[in-house]
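Trainee: What follows is a single structure, and I will ask about it in a moment.
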Amino acid sequence: MSLELEMKRRLLQFNPPEAAAAAKIRRADTGEIRSYTEQAWRRYEQGIRVTPPEIMTWIDSVLAWRDEMIDIWTTRLTSLPCNERHQFIWYELAKDWASLPDNDPSLWRPYQSVYLELMLRYPDKVKFVRYSDSDYRSWLGRRKDTDSMRFEWACTKEA
1 MSLELEMKRR LLQFNPPEAA AAAKIRRADT GEIRSYTEQA WRRYEQGIRV
51 TPPEIMTWID SVLAWRDEMI DIWTTRLTSL PCNERHQFIW YELAKDWASL
101 PDNDPSLWRP YQSVYLELML RYPDKVKFVR YSDSDYRSWL GRRKDTDSMR
151 FEWACTKEA
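Everything in the sequence shown is counted per full-length UniProt numbering, starting at 1 for the first residue and increasing by one.
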């Protein structure tokens, strides 16, 4: 199971510290939220410690979310007219990703994984724009920061 855990983590673009930090799991019996250290995570992957079943359940749920996102975008992208592309914003930094209201910081890497998969599957249907907080804030002005505003900003940019 240790190799399986490592492979799943890598597919989601997490490094071990990020995976350990993201895996905050509520215990069914007490309701307490359990967190994991980077050291514990590495030991699970190395097979030194047995991987708790709740870790595998958690990572499988994130992978299921990833598959769902890919399915949603596949439907949208394959229905685009010929020569039309969808703009995606590539966030290189977690803090930039998390600056958008309602973005779950723990999903930054899995979103990158979704975008990479879409780029591989549909290179003629996707366009990525690198996020620049200073450029975006200058463009945004006093308007409210929303996902749709970021999309509108991205549409003004060259890839």
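Cβ atoms here follow ideal geometry from the backbone N, Cα and C, with glycine treated the same way.
Once the 5 residues before and after residue 6 are set aside, which same chain residues still bring their CB inside 7 Å of it?
Mentor: Excluding sequence neighbours, residue 6 sits near 45.
Trainee: Where does residue 88 fall in DSSP's three states?
Mentor: Strand, per DSSP.
Trainee: Exposed or buried, which one is residue 24 when buried takes at least 16 other CB atoms within 10 Å?
Mentor: Result: exposed.
Trainee: Smallest Cα separation from residue 146: which of 8, 61, 89, 54?
Mentor: Nearest C-alpha to residue 146: 89.
Trainee: Residue 125: buried (16+ other C-beta within 10 angstroms of its C-beta) or exposed?
Mentor: Its Cβ being crowded by 16 or more others within 10 Å, residue 125 is buried.
Trainee: Could you tell me the distance, in whole angstroms, from the CA atom of residue 49 to the CA atom of residue 150?
Mentor: So the two alpha carbons sit approximately 43 Å from each other.
Trainee: Would DSSP call residue 14 helix, strand or coil?
Mentor: The answer is coil: DSSP assigns residue 14 none of H, G, I, E or B.
Trainee: Assuming contact is defined by CB atoms lying nearer than 8 Å, are residue 154 and residue 112 in contact in what I supplied?
Mentor: For residue 154 and residue 112, no; Cβs fall outside 8 Å.
Trainee: Compare the C-alpha of residue 21 against each of 35, 30, 12, 31 and name the closest.
Mentor: The residue with the shortest Cα to Cα distance from residue 21 is 35.
Trainee: Identify whether residue 50 lies in helix, strand or coil by the three-state DSSP scheme.
Mentor: It is coil, neither helix nor strand.
Trainee: Report yes or no: is there a C-beta of chain B within less than 8 Å of the C-beta of residue 92?
Mentor: Structure shown: chain B not included; a single protein chain is present.
Trainee: Beta carbon of residue 76, beta carbon of residue 14: below 8 Å?
Mentor: No, the Cβ-Cβ distance between residue 76 and residue 14 is not below 8 Å.
Trainee: At the level of alpha carbons, what is the spacing between residue 65 and residue 130?
Mentor: So the alpha carbons of these two residues sit roughly 24 Å apart.
Trainee: Name the two residues that bound the continuous beta strand (DSSP E) containing residue 127.
Mentor: Here the beta strand (DSSP E) through residue 127 covers 126-130.
Trainee: Going by DSSP, name the residue or residues bridged to residue 33.
Mentor: Paired residues: 26.
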